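Below is one structure, written out as structure tokens; comments come after it.
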Amino acid sequence: MIHIEAKNPSYLEKGTDYFILPIYQNQTIHTQEWNELDAVFHQQMSHMLQTGEISDQKGKVTILHTLGQLTATRLVFLGMGEMAELDFISARDAFAKVVQQLKIEASKKSLAILLTEQTNLDVERLTQAVGEAFLLGTYAYEGYRAIPKNKPSFQTVEIVVNEEQEAKAKKGLQMAQAFGTGTNLARTLVNEPGNYLPPHELAQRAIEVAKRYGMSYELLAKDKLEELNMGGVLSVAQGSAELPYVVVVKYQGKEQWEDVIGLIGKGVTFDTGGISIKPVAGMEEMKTDMGGSAAMIGAMEAIGRLQPAVNIMMVIGCVENMPSGTAFKPGDVITTMSGKTVEIITTDAEGRLVLADCITYAKQQGVSCLVDCATLTGGIVVALGHVTTGLMTNNQQLADEMFQAADYCGERLWQLPTFPEYRELNKSHVADLKNSGGRYGHAIIAGVFLQEFAEETPWVHLDIAGTASQSKTTPLGPVGATGAMVRSIAQFLLQRAK
1 MIHIEAKNPS
11 YLEKGTDYFI
21 LPIYQNQTIH
31 TQEWNELDAV
41 FHQQMSHMLQ
51 TGEISDQKGK
61 VTILHTLGQL
71 TATRLVFLGM
81 GEMAELDFIS
91 ARDAFAKVVQ
101 QLKIEASKKS
111 LAILLTEQTN
121 LDVERLTQAV
131 GEAFLLGTYA
141 YEGYRAIPKN
151 KPSFQTVEIV
161 VNEEQEAKAK
171 KGLQMAQAFG
181 TGTNLARTLV
191 NEPGNYLPPH
201 ELAQRAIEVA
211 KRYGMSYELL
221 AKDKLEELNM
231 GGVLSVAQGS
241 AELPYVVVVK
251 YQGKEQWEDV
261 IGLIGKGVTF
271 DTGGISIKPV
281 AGMEEMKTDM
291 GGSAAMIGAM
301 EAIGRLQPAV
311 NIMMVIGCVE
321 NMPSGTAFKP
331 GDVITTMSGK
341 TVEIITTDAE
351 GRLVLADCIT
361 YAKQQGVSCL
371 VDCATLTGGI
381 VVALGHVTTG
391 LMTNNQQLAD
401 EMFQAADYCG
411 ERLWQLPTFP
421 EYRELNKSHV
431 ADLKNSGGRY
441 GHAIIAGVFL
451 QEFAEETPWV
461 HLDIAGTASQ
471 SKTTPLGPVG
481 ATGAMVRSIA
491 QFLLQRAK
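Sequential numbering of the sequence shown, starting at 1, is according to UniProt numbering.
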């Protein structure tokens, strides 16, 4: 558990295992706290900084035993680089590195972090950076081992600030805990095996969040989906023994139910490709194809914790795409909830069919704008790799708001075009649309397919196929799910509340 503590005259006597002191490059005048600590060690800290035994280089960590001179057992010097270059991302990354270095060595130990030095980064943002570094950096998926793996964790983490900064620091930590918890929830959902998280279980996980924060919810089962003519959702699910569900969660932060933001998530809990079956190599990764729904559920977790004055309707389609004698097939023509018909070119372009019905449902419920999130296309991975999420829109103002939120949270976005020529590629000779317009520009073609259902409603599409998971450990998390876009979507919603 991380908590804030205001600095007091006895902070040098703080009983902790590790006392972390951020230091900046080329500081000619040291802080009062540095001078007080240096005096305890007879100016040896300054000497070691001059000789390079203590490094102020960005991300460098130096650990010294206090040898009984302080109540703290060890001093940890964290290099932050040049103060003039300090921003939220560099601060979070630096603290994430100390988390990785200490989480094994200091497992089950107590930590204290001194954040009293004035920097060009507001203490609220600096505290948020520290909180996110610890919450994201200590995440570990527990899985289903017969003998549980030990999960490194700190006993306590205290952030020490000046008394006049305490209120702002607590606000920053509240943001970090909301964003970090929401991101880690999404990570766990994406990491879950498909047999442990089939459609009905994904739906229940969304409902758990709704119940936890007093949000209203509705679970639309197969009979209701048939009544609503949700042909997109039903067609994708018809090859599986797992029944389809659509979950609707409403958060009302305003007195009147108006200006409602629609959050739409793709929840394909396992995607074989259906009759257009995928190659066996890497198919196990298709358990992550519900990453868009996970991102929306994680964002709702953050919103539940922060309780902003905004109205939200989350709609996620939970299905499994399997081949069988009852599966839909290439050449079929299906009718979506909107009434538009779609020729099936490939059953491996199923996510857009699910999203189309969820978008239509949200529109019919009166949302004022739409944000959809999905692991939609391999094409976005080819275009942007595993670093950047693709964005498409029919409303630049809405897109700019999302860019602002992503920049605030340190998540990378890149906008793709929606030129009319791309829409022509989705036209069919036997139906209103076809679900695949070809290989070239695939990520764009999939996005403009969704635009056909958003129509005039302001809409932003986020394709996280490349960013939803990672193949190597980083300071902010292990191999596996990243929780991509949870923080950016939550921040977008917070901005809308202002």
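Built from N, CA and C at the ideal position, the CB exists for glycine as well. These numbers come from a predicted model, not from an experiment.
Could you confirm whether any beta carbon from chain B is found closer than 8 Å to the beta carbon of residue 266? The chain inventory of the structure shown lacks chain B, comprising one protein chain alone.
Reduced DSSP category for residue 35 - H, G, I as helix; E, B as strand; rest coil: helix
Would you check if the distance between the CB atom of residue 361 and the CB atom of residue 312 is smaller than 8 Å? no
Using 8 Å as the threshold, is the C-beta distance between residue 128 and residue 176 below it? yes
To which residues of the same chain is residue 206 closer than 7 Å at the C-beta, ignoring the five residues directly before and after it? 247, 249, 297, 316
Can you look up residue 483 in the DSSP assignment and give me helix, strand or coil? coil
Report the start-end ranges of each beta strand (DSSP E) in the region 115–191 that is 3 residues or longer and not cut off at the edges. Whole beta strand (DSSP E) segments, 3+ residues: 156–161.
In terms of residues, what are the limits of the alpha helix (DSSP H) holding residue 51? 44–51
Could you pull out every unbroken alpha helix (DSSP H) segment of at least 4 residues lying fully inside the region 263–340, listed in chain order? 291–306
Would you call the CB atoms of residue 231 and residue 336 closer than 8 Å? Yes, Cβ-Cβ distance for residue 231 and residue 336 is below 8 Å.
By Cβ distance, which residues of its chain are closer than 7 Å to residue 414, with the 5 residues on each side in sequence left out? 384, 388, 390, 391
Does DSSP classify residue 76 as helix, strand or coil? strand
Taking residue 287 as the reference, which of 324, 382, 188 has the closest Cα? Taking only the C-alpha atoms, the option nearest residue 287 is 188.
What did DSSP end up calling residue 384 once you bin it into helix, strand or coil? helix
Go through the region 359–416 residue by residue and report every complete run of the beta strand (DSSP E) that reaches 3 residues or more, in order. 369–374, 389–393, 413–415
So the candidates are 10, 59, 168, 118; which of them puts its Cα closest to the Cα of residue 30? 118
Just tell me which of 181, 364, 13 has its CA closest to the CA of residue 68. 13
In terms of residues, what are the limits of the alpha helix (DSSP H) holding residue 451? First-last of the alpha helix (DSSP H) with residue 451: 442–454.
Residue of 34, 143, 397, 120 minimising C-alpha distance to residue 78: 34
Count the other CB atoms, across all protein chains shown, that sit within 10 Å of the CB of residue 412; report buried if there are 16 or more and exposed otherwise. exposed
Could you tell me whether the Cβ atoms of residue 233 and residue 321 are closer together than 8 Å? No.
Neighbourhood of residue 478 by C-beta, 8 Å cutoff - its chain only, sequence neighbours within 5 removed: 139, 140, 141
Is it right to say residue 357 is buried, meaning 16 or more other beta carbons lie within 10 angstroms of its own, or is it exposed? With 16 or more other Cβ atoms within 10 Å, it is buried.
With distances taken between CB atoms, is the gap from residue 460 to residue 183 smaller than 8 Å? no
How big is the Cα-Cα spacing for residue 272 and residue 284? 9 Å
Contact check, residue 329 vs residue 433, beta carbons under 8 Å: no
What's the C-alpha gap between residue 439 and residue 381? 13 Å
Hey, quick one: how far does the beta strand (DSSP E) through residue 235 stretch, first residue to last? Boundaries around residue 235 are those of the alpha helix (DSSP H), 231–237, since no beta strand (DSSP E) includes it.
With 16 as the cutoff for other CB atoms within 10 Å, does residue 364 come out buried or exposed? Flag for residue 364 reads exposed.
Enumerate in chain order the residues of its own chain whose CB-to-CB distance from residue 197 is below 6 Å, with the five nearest sequence positions on each side excluded. The answer, listed in chain order, is 269.
Can you give me the start and stop residues for the alpha helix (DSSP H) that residue 55 sits inside? Where residue 55 is concerned, there is no enclosing alpha helix (DSSP H), given that its DSSP letter is neither H nor E.
Using a threshold of 8 Å, state whether the C-beta atoms of residue 109 and residue 18 are closer than that. Less than 8 Å divides the Cβ of residue 109 from the Cβ of residue 18.
Short check: CB of residue 497 to CB of residue 309, under 8 Å? yes
In the structure shown, what three-state DSSP assignment does residue 209 receive? Three-state result, residue 209: helix.
Quick check: what's the CA-CA separation for residue 16 versus residue 114? Distance between the alpha carbons of residue 16 and residue 114: 12 Å.
Going by DSSP, what residue range makes up the beta strand (DSSP E) through residue 511? Because the chain here runs from 1 to 498, residue 511 falls outside it and cannot be looked at.
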